[in-house]
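Structure first, commentary second.
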Amino acid sequence: MYSQIAANKRRTVIIMAVFVAFVGSIAWLFNQYLGGKPSMFYGVLVAAILYALITYFAGSRLALAVNGAREIQKQDNPRLWRIIENLCITDGLPMPKVYIMDDPSPNAFATGRTPQTAAVCATSGLLDIMDDNELQGVFAHELGHVKNYDIRVSMIAFALTAVISLMADVILRLTWFRGGRSRNENDQALMVLGIVAAILAPIVATMIQLAVSRQREYLADATSALTTRYPEGLISALQKIGAYGRPLRRQNTATAHLFFANPLKAHSLTALFSTHPPIEQRIARLRHMEDRA
């Protein structure tokens, strides 16, 4: 289990390093396109970072609000509260705020910048179909996201994607206004390269961001198995969601990456860009961990 956790962390570092190198390449092209004058580039960079920071600090409250989650206390659902409380004691984490969503889709999510500001949420559908061992596996996974600071990692990936998207947008707009001003072949070649990069860069950036998200899901699964010492609970929960899962009634692509399982329609276009690895692959990795334990 420890080796699987270490491997997932290494993969995340490698992906993030590739992401930073990709951003640097686009930044260099952006600077060349501006004739070596970086003033506009720095303006775009600052705007993207400010946007990411605002989302980072306000994201938790927005995620809970847009999904219609309501906060509960221990007396409202002693079973759920006890499971989360025991897991926090095991992990040495502070007790997060606990929320419930009135939705028949079996799902859950965690949010919060740090363990001290964390919140976890279960749908009514999840509470209806899961036994205690399965719920323990699910929320050990969600608290794994908190413990591993996955919200912070996701926001770094989001900030890098925002920078690339803004630079690509500026390149396309400059190309539109400067298209007739090219004086030589070098200018024309740079213009073509800029257009191609502006079109492809946001797509590539999004795919790298999704790769980061998927690795963090595998990491949270491994953390859950290590915390509970009972991977079968999480495996059984994943199998139930695979069999009885359904999209949330409130479809929200902005918060989809937070959920335990993909909350969007399976056959929609957004499913092609899912932040979650297939359930079958998650189960296979957990089985592999069991075999090596």
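Residue numbering for the sequence shown follows the numbering used here, beginning at 8 and increasing consecutively.
We put the beta carbon where it would ideally sit given N, CA and C, even for glycine.
Keep in mind that this is a model prediction, so the values were computed, not measured.
Suppose the cutoff is 6 Å on Cβ atoms and the five residues either side in sequence are ignored; what does the same chain contact list for I22 look like?
Along the sequence shown, read from residue 1 onward, the residue named residue 22 stands at position 15. Excluding sequence neighbours, I22 sits near A218, V219.
Taking the CB atoms as reference points, tell me whether M174 and A34 lie closer together than 8 Å.
As a first step, residue 174 is located in the sequence shown; it is residue number 167 there, counting from the start. As a first step, residue 34 is located in the sequence shown; it is residue number 27 there, counting from the start. Yes, Cβ-Cβ distance for M174 and A34 is below 8 Å.
Enumerate, from N- to C-terminal direction, the unbroken beta strand (DSSP E) stretches of 3 or more residues contained entirely within the segment 65-137.
77-79, 104-108, 115-118, 126-130
Measuring straight from C-alpha to C-alpha, what distance separates N84 and E78?
Locating residue 84 in the sequence shown gives position 77, counting from the first residue. Locating residue 78 in the sequence shown gives position 71, counting from the first residue. One C-alpha to the other measures close to 11 Å.
Can you round the beta-carbon distance between L94 and L57 to whole angstroms, since I take them to be within the 8 Å contact cut?
Taking the sequence shown and counting its residues from 1, the one referred to as residue 94 is at position 87. Taking the sequence shown and counting its residues from 1, the one referred to as residue 57 is at position 50. Going by Cβ atoms, the distance from L94 to L57 rounds to 36 Å, so no, they are not a contact pair.
Among F146, T260, L241, R257, which has the Cα closest to the Cα of E287?
Mapped onto the sequence shown, residue 287 falls at position 280. Comparing Cα-Cα distances from E287 to each of F146, T260, L241, R257, the minimum goes to L241.
Round the Cβ separation of A164 and F26 to the nearest angstrom and send it over; I've been treating them as touching at under 8 Å.
Here residue 164 refers to the residue found at position 157 of the sequence shown. Here residue 26 refers to the residue found at position 19 of the sequence shown. Indeed they touch by this definition, with Cβ atoms about 7 Å apart.
Three-way DSSP call (helix, strand, coil) for F267 in this model:
Walking along the sequence shown from the start, residue 267 turns up at place 260. Coil.
Kindly list the residues whose CB is nearer than 8 Å to the CB of M137, restricted to its own chain and excluding five residues on each side of it in sequence; keep chain order.
Numbered from its first residue, the sequence shown carries residue 137 at position 130. Only P113, V145, A244, K247 meet the Cβ criterion.
Where K272 falls: helix, strand or coil (DSSP)
Locating residue 272 in the sequence shown gives position 265, counting from the first residue. Three-state result, K272: coil.
Whole-angstrom distance between L233 and A54, CA atom to CA atom:
Taking the first residue of the sequence shown as position 1, residue 54 is located at position 47. Taking the first residue of the sequence shown as position 1, residue 233 is located at position 226. A54 and L233: Cα-Cα distance of roughly 40 Å.
Local conformation of S281 per DSSP, three classes
Here residue 281 corresponds to residue number 274 of the sequence shown, with the count starting at 1. Three-state DSSP puts S281 in coil, outside helix and strand.
A76 versus L36 - alpha carbon distance
Indexing the sequence shown from 1 puts residue 76 at position 69. Indexing the sequence shown from 1 puts residue 36 at position 29. C-alpha separation (whole angstroms): 44 Å.
So, with DSSP's three-state summary, where would you put P254?
The residue you call residue 254 lines up with position 247 of the sequence shown. Three-state result, P254: coil.
Is N155 helix, strand or coil when you go by DSSP?
Locating residue 155 in the sequence shown gives position 148, counting from the first residue. Residue state, collapsed to three classes: coil.
Is it right to say F116 is buried, meaning 16 or more other beta carbons lie within 10 angstroms of its own, or is it exposed?
Along the sequence shown, one-based indexing puts residue 116 at 109. By the 10 Å Cβ count, F116 comes out buried.
Where R180 falls: helix, strand or coil (DSSP):
Looking up residue 180 in the sequence shown gives position 173. Helix at R180.
Going by C-alpha distance, which of R256, E239, A169, R257 is nearest D298?
In the sequence shown, the residue the question calls residue 298 occupies position 291. It is E239 whose Cα lies nearest to the Cα of D298.
In angstroms, rounded to a whole number, what distance separates the CA positions of R253 and P270?
The residue given as residue 253 occupies position 246 in the sequence shown. The residue given as residue 270 occupies position 263 in the sequence shown. About 7 Å.
Mark G99 as exposed unless 16 or more other C-beta atoms lie within 10 angstroms of its C-beta, in which case mark it buried.
Along the sequence shown, read from residue 1 onward, the residue named residue 99 stands at position 92. When all chains shown are included, G99 counts as exposed.
I need the straight-line Cα distance from R89 to L179, nearest angstrom please.
Your numbering for residue 89 matches position 82 in the sequence shown. Your numbering for residue 179 matches position 172 in the sequence shown. Straight-line Cα distance between these residues: approximately 54 Å.
Entirely enclosed alpha helix (DSSP H) segments - the segment 197-230, minimum 4 residues
none
Using the Cα positions of H283 and S161, report the straight-line distance between them to the nearest angstrom.
If you number the sequence shown from 1, residue 283 lands on position 276. If you number the sequence shown from 1, residue 161 lands on position 154. The alpha-carbon atoms of H283 and S161 are separated by roughly 13 Å.
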